[in-house]
Amino acid sequence: MIIKSIEIKNFLSYYDTTEFKFDEGATLIIGQNNTGKSKLFDAYNWVLYDEAYETAAEDWVSTGQWKEQLVNRFAKLNCNTNSKVEVSVSLNFEDENSNSYLVNREYRVLKISDSEWSCPGSSDIAVTKTNAVTFNTQNFMGNEANELLSAFFPKNLSRYFLFQGEGISKLLRLNQRSDFTRAIGELSGIKYFDKARKYADKVYLRAKDQFENKEERNAEVQKQKVKITKDIDDINERVTDLKNKLENEYREKDIKERKLEEKEEELSRYEECAKLLQEIKSLEKQRDEKVDQKGKLFEYNRNGLMSLWIYNKSEGLIDNFLRLYRKAKEEAKIPEPIRQDFIKEMLQDHLCKVCGTDAPEHSPQYHQISSFINEKSLDKEIAVINALSDTADSLKSNITHIPDNIKEFRDELNQVQQELDGLRTKIVYKEDELRIVTERIEDEKKIGKIQRADLEKINLSQLTKDRDQIKIDLDQSKGKIDQISGRKDEADKSLKKLEDEYKALIERSENQFERERMLLAQNIKDEVYKLYDNFLGNLIGDIEEEANTYFENMTRTNPALSGKVRVDYENREVYTVDESGIPMANINQANKVSLQISFVAAVLSVSNRIWDKHFPFVADAPISALGGNNKISAIKTIIDIFRQSIVILKDDADLENIEGLNNEQVRQLIKNNGKIRNAYELRMEGATINEQRTKIIKLK
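Residues 1 to 700, numbered by the UniProt record's numbering, are exactly what the sequence shown covers, in order.
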């Protein structure tokens, strides 16, 4: 069947009339926390089964118990005293023959005052069928309508095509024998073959009682019959006792496995938080180092570059000075300086320190040196001019390199800024990842806002110890199961041996009528058991093959070892095995969720082939435990598996970041995947709690 649309009016968070249209293929509906995702799922359950999930009670509650609380608050606020407000949900679907069905459930409440309402004890249900060929219509009301709906949406099967929240995980943890048996039995039809076995057993036991009660003429045969019958009864009693003990131990094992899974999920969540916190702290440290590096870069370049900056564009002036200086030097207008202090030193030492000649006082050499004494010498001025020339040369070189130095400074500054921006972006992403993980914890534990300081106080060591203790308890349960199973196997062997002796004894009986009836009952029982075993063997093989195909598709991008799916009907378990066929003790959370979805999808797929009935797959947050590529792979696989899927997902995007919003993975998938026919986004409007209502945005 195909769901074509659902129209919701004044139901819980939905004010006035809101319509969602569907088709074959997939419809994705995304929304952040408290935007009406679960209320949309409740609308399906209410229109089909007259009940919605009450979060406070943590249970499904009927309309009569919901009363006026079922009505949207804003609709009640706008309702006048002594007036009625109507709640309704209409579901339109087509069967395998394209006949159309419009299901409508209504509930009206009367406003007595702002705080008092008159509420009926039940809702009204109506179904209108429109023939695909003649377009004739037929109306069904009340019980007739409910019976018709039961044929299409059996209540006992709803858990396999309507998944609430982490419904897949809660429904089928894959280590719960009762859930496993229920899933196989209700969806595959094996329960009918099991009923046939039980009926064959009754026929056999009735024939056996009559055979045993008829005394044999042959005393030896009679004696053996009495003895073997008693021995068989004793062994059967022991087998029954061992079966009961085994079931009790399996129940204990189920409880411990459930506790272990919950503890591992909790540990995994907090380990993920701890890892993200560590990554955020590391990034924050790198960010602070970059901020410090940026400051030092400014400090280092400020004095040098800023002092030279005032000379920028002055190369022409300096070139003119140097040209005049060099020209004056060439024209000898700037003589080489003669140091007067050096001349006086030579006179004092009576020695020419230029050529090394002695110059005694009053000698010609002495007078020659004295001739260079000039009190009006320009040596100091010439030295200043020469120094100024050297400074101009150096300054010109530095000024010439100012653009390069500034460019180098800017490049270094830009590089540091880019690295700083990159670190800040990574911090935002990691903080967003942490927010998503903490919101999951808040949802699962029904607690308020978790702050970063709260996470830093989590004692991972104690959680690990608690987990390890549960593992020890679980191993003890498994050990007991192995012991009891071993004793039961021995008892079964003894029983088989006695039953073979009993069959031989039947052949020796002289009570022909009882003997023939007993043999016929035995043959019927054997054939029915063979039929059951053949059907079960083929069924499990088909389910395992389908589950492996889906599981492989869902885990293709997961780097963790995923293994192969093994469906163990005898032990009522589904698990993964490695290449050697050895069960994998630990698989990561992403693979675990993928395994659960793959198994349910495989059972549904095989069921569709057996009964030629295709259920739509409607799920509220079935993969919230997954993230990144695993989440996208899971969505793609769900889309590929089911003829029609309506998947309600938590929106992890930052709605304030427009650029990031457009690049968000789920939105990109909606945009680019042709199998997604429709897509909606849910948002919440209203300033106060009494004005809040869900708004839908059509994305595709």
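Idealized CB from N, CA, C, for every residue including glycine.
Three-state secondary structure assigned by DSSP to residue 631: helix
Residue from 255, 612 and 240 whose Cα sits closest to the Cα of residue 1: 612
Spatial distance of residue 649 from residue 680 (CA atoms): 10 Å
Supposed contact pair residue 617 and residue 782 - C-beta distance, whole angstroms, cut 8 Å: Residue 782 lies beyond the stretch modelled for the chain, which goes from 1 to 700, so this question has no answer here.
Boundaries (first-last residue) of the beta strand (DSSP E) holding residue 554: Counting along the chain, residue 554 sits inside no beta strand (DSSP E); it lies in the alpha helix (DSSP H) bounded by residues 512–554.
Three-way DSSP call (helix, strand, coil) for residue 31 in this model: strand
Residue interval of the alpha helix (DSSP H) (run including residue 78): 73–78
CB of residue 327 within 9 Å of CB of residue 423, strictly: no
For residue 230 and residue 501, the rounded distance between their alpha carbons: 13 Å
Runs of alpha helix (DSSP H) wholly within the region 181–251 (minimum 4 residues, chain order): 190–213
Close-in-space but distant-in-sequence residues of the same chain around residue 489 (CB under 6 Å, 5 per side omitted): none
Counterpart residues of residue 500 in DSSP-defined beta bridges: Answer is none; residue 500 lacks a bridge partner.
Spatially closest choice to residue 81 from 109, 94 and 245, by CA coordinates: 109
Pairwise C-alpha distance: residue 531 and residue 245: 29 Å
Three-state class that DSSP yields for residue 275 in the structure shown: helix
Completely contained beta strand (DSSP E) runs for the region 109–147, where each covers 3 or more residues: 116–118, 124–130 and 137–141
Between the CA atoms of residue 478 and residue 175 - distance to the nearest angstrom: Only weak support exists for where residue 175 lies, its pLDDT of 48 falling under 50; the value from the coordinates is given anyway. Computed Cα separation, rounded: 12 Å.
Identified DSSP bridge partners for residue 617: 645
Where residue 592 falls, given that 16 or more other Cβ within 10 Å makes a residue buried: Classification for residue 592: buried.
Residues of its chain near residue 84, where Cβ-Cβ distance is below 6 Å and the 5 sequence neighbours each way are ignored: 108 and 110
Presumed contact (8 Å Cβ cut-off) between residue 694 and residue 13, rounded CB distance: Going by Cβ atoms, the distance from residue 694 to residue 13 rounds to 5 Å, so yes, they are a contact pair.
Span of the beta strand (DSSP E) around residue 569: Careful: residue 569 lies outside any beta strand (DSSP E) and carries neither H nor E.
Residue 44: first and last residue of the uninterrupted alpha helix (DSSP H) it sits in: 37–49 is the span of the alpha helix (DSSP H), which, as asked, contains residue 44.
C-alpha gap between residue 537 and residue 191, whole angstroms: 14 Å
Run of the beta strand (DSSP E) containing residue 81, from where it starts to where it stops: Run containing residue 81: none; DSSP gives neither H nor E here.
Continuous beta strand (DSSP E) stretch holding residue 678: start and end: 676–685
Straight-line gap, residue 91 to residue 430 (C-alpha atoms, nearest Å): Each residue's alpha carbon lies about 41 Å from the other.
Span separating the alpha-carbon of residue 218 from that of residue 224: 10 Å
Outcome for residue 199 when other beta-carbon atoms lying within 10 angstroms are tallied against a minimum of 16: Residue 199 is classed as exposed because its beta carbon has fewer than 16 other beta carbons within 10 Å across all chains shown.
Beta carbon of residue 53 nearer than 9 Å to that of residue 153: no
Sequence-distant residues of the same chain with beta carbon closer than 7 Å to residue 139, five excluded per side: 126 and 128
Bounding residues of the alpha helix (DSSP H) (the contiguous stretch that carries residue 370): 364–370
Between the CA atoms of residue 151 and residue 144 - distance to the nearest angstrom: 11 Å
Residue environment, residue 483, which counts as buried when at least 16 other CB atoms sit within 10 Å: exposed
Option in 214, 284 and 273 with minimal Cα separation from residue 510: 214
Residue 417 to residue 608 span [Cα, whole Å]: 59 Å
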